[in-house]
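Letter by letter, the sequence shown follows residues -24 to -1, 1 to 170 in mature numbering (1 follows the signal peptide of the UniProt record, and there is no 0).
C-beta: ideal position from N, C-alpha, C; glycine also.
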Amino acid sequence: MAQAQRRAWLVLCVFAGSQLLTDAHPRSRNGAGASTPHRAPEDANVMLEMLWGGLDIQANGTVWLWDEELASLRPAQRIVQVLEDEVPKAPAEMEQHLRYYSLSDAPLPPTEFRRLLLTSVYCAHQVRSMQGLDKNLWIHFFSQLADEIFRDLCKGLCPANTTLLLASWPWEEKPLHLSSLKPFYHSNLARTKR
């Protein structure tokens, strides 16, 4: 049951991210500075296949896909590269990224939004693989990332000063896969209102 809930969350993230990329940013720059088209629907489909087909993140940060054919696709290789190289893996790095996301008032650029989504994938993996107090820490990070995803999706679309309220709606109205995390959730809303 928990695995189905996690996959439902990841599907939501993939489609939310692909919609943002296709609507707003048809092109981006790669590391060499050459302009390359985003293939957001293709990338989103590949990401979904990666999540459904099986994705393992080793303790050293190496990502392993169970499906060898899928692993050979360029979009899958790009996603794996982001997971391995750009997603924060240590708690201190995670806190730093969360601070950065919470201070941003403008919608995140596509590459940053993709990193935010993949960071939530990494956190979901950590929640599944950790035990004890470490698990609670990663649940806390995951819930904060979920708030930041909702907040970013509302930027520029929602009335002023409502994104924090929308990101932290009552637990009774949240989907089951998020409301089941309530015992472990410590909202940062109080700190943000100060």
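| Asked | Found |
| --- | --- |
| Secondary structure at W114, three-state DSSP: helix, strand or coil? | helix |
| Going by beta carbon distance, what residues of the same chain come within less than 7 Å of W42, once the five residues before and after it are set aside? | G29, G30 |
| Between which two residues does the beta strand (DSSP E) holding D32 run? | 31 to 33 |
| To which residues does DSSP link V63 through a beta bridge? | Note: V63 sits in no beta bridge, so no partner. |
| Nearest CA to the CA of L74: which residue from E25, P86, N21, S119? | S119 |
| What's the call for D110, buried or exposed, on a 16-neighbour Cβ count within 10 Å? | exposed |
| Quick one: what does DSSP say L41 is sitting in, helix, strand or coil? | strand |
| Taking three-plus beta-carbon pairs below 8 Å as touching, is the segment 48 to 68 in contact with the segment 91 to 100? | yes |
| Helix or strand or just coil, what does DSSP make of P83? | coil |
| Would E124 be called buried (16 or more neighbouring beta carbons within 10 Å of its own) or exposed? | buried |
| When we look at the beta-carbon of Y77 and count the other beta-carbons within 10 Å, is it buried (16 or more) or exposed? | buried |
| I believe V58 touches R91 by the beta-carbon criterion, under 8 Å. Please report the beta-carbon distance rounded to the nearest angstrom. | 6 Å |
| Nearest by alpha-carbon distance to residue 171: which of A35, D81, M106, A100 is it? | Residue 171 falls outside the range modelled here, since the chain spans only -24 to 170, and no answer is possible. |
| Beta-carbon within less than 6 Å of G132's beta-carbon, same chain only, minus the 5 sequence neighbours each way: which residues are those? | P83 |
| Could you have a look at M106 and say whether DSSP puts it in helix, strand or coil? | coil |
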